[in-house]
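Residue numbers (my numbering): 1025 to 1393.
By construction, the Cβ of each residue, glycine as well, lies at the ideal position given by its N, Cα and C atoms.
Nothing here was measured: the structure is a model prediction, and the numbers come from that model.
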């Protein structure tokens, strides 16, 4: 995987069907031409007129699904021509039938034109939306300092690239800092909050001395956005990490979010860190976050997952056993780990209804330090 964008594609893992705006499959494109050829060949081979001309009337409407107005008009003209060519042994229509076929063909051309214009407009709007959403959550770089980064994101709301989950990895004066969080709600309604928190995090990376200070900045950002009302329901959970520059140690705090999972020697273990209050509650000063410092060895990886992964269930209500299954997907190539976990999750649950986010961080400690 080159970046988050590789897994976020239209998306990716959840591709649009042709009835939802994607190009039609090949058989839909072939069908009207195939019907025209079959009717023509069968009627030419028949020794006497046969009553299959009614099939030709379906060709222009079928062409609307795949072709533009010019091709639809051509197919309509061929339909009329075949109906009135005596070499084709068809029951020739009367004047009323001929006018009906011509009317259907002309109407099909008009509908094809409208569809083509609509598709062009939708493609342009989607391109603009993707550019805006990629500006909000840019593709995750392959590496930030000594940390290899792999991310996967699936928004719960169909057709969107950004929802209520977010993550970022940035290098600052004191080391490499990472965040993964989940804001209240999902879909487009949560995008503004995600944008605000990511902006606050990127600023805090540069000027805050430690992780509790970064968490305090994010907490204050949400309080300001909610009108500084302690009763507001605007909140977010997050886990914050800071790697030392030599990638031999990591500091972690959890703000109401599940702890990271450490992959070490083929085993998966949840890092023991107290889960503090969510961001936006305004209790950070009264209840300071506990910070855990953890040593890292070459080959260790930290796997972070959102609530959409931890709380996913199958039809029987059984939670997805992330920690138990994770080691079998963590091979020598971290780039494919998140995709393999996602594929397994979909097989286990069938449908994942919440935003689902994974972030895999692979420290590569600097030798001799």
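Can you name the start and end residues of the alpha helix (DSSP H) that residue i belongs to?
i	result
residue 1235	1235 to 1249
residue 1178	Here residue 1178 belongs to no alpha helix (DSSP H); instead the beta strand (DSSP E) covers 1171 to 1178.
residue 1333	1331 to 1334
residue 1369	1361 to 1373
residue 1083	1083 to 1088
residue 1297	Here residue 1297 belongs to no alpha helix (DSSP H), and DSSP marks it neither H nor E.
residue 1226	1215 to 1231
residue 1061	1050 to 1069
residue 1312	Residue 1312 -> no alpha helix (DSSP H), and no H or E assigned at all.
residue 1346	1346 to 1353
Alpha carbon to alpha carbon, how far is residue j from residue i? Give it in angstroms, no decimals.
i	j	result
residue 1220	residue 1151	23 Å
residue 1074	residue 1134	31 Å
residue 1147	residue 1138	14 Å
residue 1053	residue 1360	35 Å
residue 1269	residue 1170	7 Å
residue 1149	residue 1159	15 Å
residue 1049	residue 1056	13 Å
residue 1385	residue 1364	16 Å
residue 1031	residue 1202	Residue placement at residue 1031 cannot be trusted, given a pLDDT of 41 that sits under 50; what the coordinates show is reported in the next sentence. When rounded, the distance between both Cα atoms is 19 Å.
residue 1130	residue 1098	11 Å
residue 1176	residue 1370	14 Å
residue 1072	residue 1065	13 Å
residue 1341	residue 1348	17 Å
residue 1250	residue 1207	13 Å
residue 1038	residue 1366	Note that residue 1038 has pLDDT 44, beneath the 50 cutoff, so the model's placement of it is unreliable and the number below is only indicative. When rounded, the distance between both Cα atoms is 11 Å.
residue 1127	residue 1154	40 Å
residue 1191	residue 1374	25 Å
residue 1279	residue 1351	26 Å
residue 1166	residue 1382	15 Å
residue 1143	residue 1156	20 Å
residue 1331	residue 1355	24 Å
Can you tell which of the options has its C-alpha closest to the C-alpha of residue i?
i	options	result
residue 1380	1251, 1290 and 1329	1329
residue 1243	1341, 1056 and 1224	1224
residue 1258	1318, 1070, 1294 and 1215	1215
residue 1353	1320, 1066, 1128 and 1291	1291
residue 1078	1228, 1062, 1363 and 1093	1062
residue 1235	1382, 1251 and 1262	1262
residue 1173	1197, 1279, 1127 and 1362	1362
residue 1168	1312, 1355, 1189 and 1200	1200
residue 1260	1204, 1274 and 1082	1204
residue 1230	1217, 1196 and 1218	1196
residue 1317	1277, 1355 and 1327	1277
residue 1189	1222, 1198 and 1166	1222
residue 1227	1247, 1194 and 1248	1194
Excluding the five sequence neighbours on either side, which residues of its own chain have a C-beta within less than 6 Å of the C-beta of residue i, listed in chain order?
i	result
residue 1288	1324
residue 1376	1336
residue 1282	1334
residue 1314	1298
residue 1294	1283 and 1285
residue 1217	1207
Tell me where the beta strand (DSSP E) around residue i begins and ends.
i	result
residue 1074	Where residue 1074 is concerned, there is no enclosing beta strand (DSSP E), given that its DSSP letter is neither H nor E.
residue 1105	Run containing residue 1105: none in the beta strand (DSSP E); it sits in the alpha helix (DSSP H), 1093 to 1107.
residue 1199	1199 to 1207
residue 1267	1260 to 1267
residue 1194	1189 to 1196
residue 1387	1380 to 1387
residue 1376	Counting along the chain, residue 1376 falls outside any beta strand (DSSP E), and DSSP gives it neither H nor E.
residue 1275	1273 to 1279
residue 1286	1285 to 1288
residue 1342	Unbroken run through residue 1342: none, as it is neither H nor E.
Go through its chain and collect everything with a Cβ distance to residue i's Cβ below 8 Å, but skip five positions before and after it.
i	result
residue 1122	1104, 1107 and 1108
residue 1389	1170, 1270, 1271, 1272, 1320, 1321 and 1322
residue 1132	1084, 1085, 1087, 1088, 1096 and 1100
residue 1358	1172, 1174, 1325, 1384 and 1386
residue 1274	1265, 1266, 1267, 1268, 1317, 1318, 1320, 1326 and 1387
residue 1060	1080, 1083, 1099, 1102, 1103 and 1106
Identify, in the order they occur along the chain, each residue of the same chain with its Cβ nearer than 7 Å to the Cβ of residue i, setting aside the five sequence neighbours on each side.
i	result
residue 1091	1136
residue 1140	1092 and 1093
residue 1372	1338 and 1344
residue 1232	1238 and 1241
Does the Cβ of residue i lie closer than 7 Å to at least one heavy atom of the ligand GDP?
i	result
residue 1332	The ligand GDP is absent from the structure shown, which contains no ligands of any kind.
* Inspect the CB distances between the stretch 1288 to 1308 and the stretch 1227 to 1246 and report whether three or more fall short of 8 Å. => They touch, by the three-pair rule.
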